[in-house]
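Student:
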Amino acid sequence: MNAESDERTKVAEQADPASDTGESDREERELGSRAPGFIKASKALHLSWQVGVFVVGLGVVIAGVLMLVLPGPGWLVIFGGMAIWATEFVWAQLVLRWTKRKVTEAAQRALDPKVRRRNIILTTVGLVIMAVLVGIYVWKFGLTMPWKISE
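Numbered continuously in our numbering, the sequence shown closes out at residue 168.
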């Protein structure tokens, strides 16, 4: 319990200046358990709540890991399991904050005009190379449809 309150204090001290101006940011919510008050009131009930949240989150994360090799949205389900854990555990909240920050940084880098221009140029060059290779193949072997093969 004491570690959670220390962590909240650290996060509050490192708060973004934008939050000082009155802009509310959903990402910077207070760390710690989001269990209802009547559950937090009883230690045994809160512990069983935490065990339940952990088991449900673990099941969702395992399903996501399985979906990495099987058909399905694996990473999306894994992050969903992490979000379930983040309703109760500070470590999961910190991991999700770090992940959100990295995804936002990557999105900003991808929207940079220089990076977009480079990506467009590389895509165009790749398409030209593919078109030249297909042209060489058709010139050398011809274009025979599979249903018209005489052999």
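C-beta: ideal position from N, C-alpha, C; glycine also.
1. According to DSSP, is phenylalanine 55 part of a helix, a strand, or is it coil?
2. Once the 5 residues before and after tryptophan 66 are set aside, which same chain residues still bring their CB inside 6 Å of it?
3. Nearest to glycine 89 by alpha carbon, out of Phe71, Val77, Arg118?
4. Going by beta carbon distance, what residues of the same chain come within less than 8 Å of histidine 63, once the five residues before and after it are set aside?
5. Would you kindly check if the distance between the Cβ of glycine 81 and the Cβ of valine 94 is under 7 Å?
6. Taking glycine 69 as the reference, which of Lys117, Leu111, Gly98, Val149 has the closest Cα?
7. Please look up how many angstroms separate the CB atoms of leucine 48 and glutamine 110, rounded, as I've assumed it's under 8 Å.
8. Could you check where the alpha helix (DSSP H) with threonine 121 kicks off and where it finishes?
9. Using only the alpha-carbon positions, how far apart do valine 112 and leucine 85 sit?
10. Going by Cα to Cα distance, which pick from Arg133, Trp102, Ala61 is closest to isoleucine 79?
11. Would you give the residue range spanned by the alpha helix (DSSP H) that leucine 85 belongs to?
12. DSSP three-state call for threonine 141: helix, strand or coil?
Tutor: So, to answer that:
1. If DSSP states are grouped into helix, strand and coil, phenylalanine 55 belongs with the helices.
2. Taken in chain order, the residues that qualify are Ala52, Ile56.
3. Glycine 89 has its Cα closest to that of Val77, out of Phe71, Val77, Arg118.
4. These residues qualify, in order along the chain: Ser50, Ala52, Ile56, Lys57.
5. Inclusion of valine 94 and glycine 81 in the CB contact set at 7 Å is warranted, their separation being smaller than that value.
6. Nearest of Lys117, Leu111, Gly98, Val149 to glycine 69, Cα basis: Gly98.
7. Confirmed, Cβ separation roughly 5 Å.
8. Threonine 121 -> alpha helix (DSSP H) spans 107-127.
9. Taking the straight line from one Cα to the other gives about 20 Å.
10. The shortest Cα separation from isoleucine 79 among Arg133, Trp102, Ala61 belongs to Trp102.
11. Under the DSSP assignment, leucine 85 falls in the alpha helix (DSSP H) whose first and last residues are 60-86.
12. In this structure, DSSP gives threonine 141 a helical state, which the three-state scheme calls helix.
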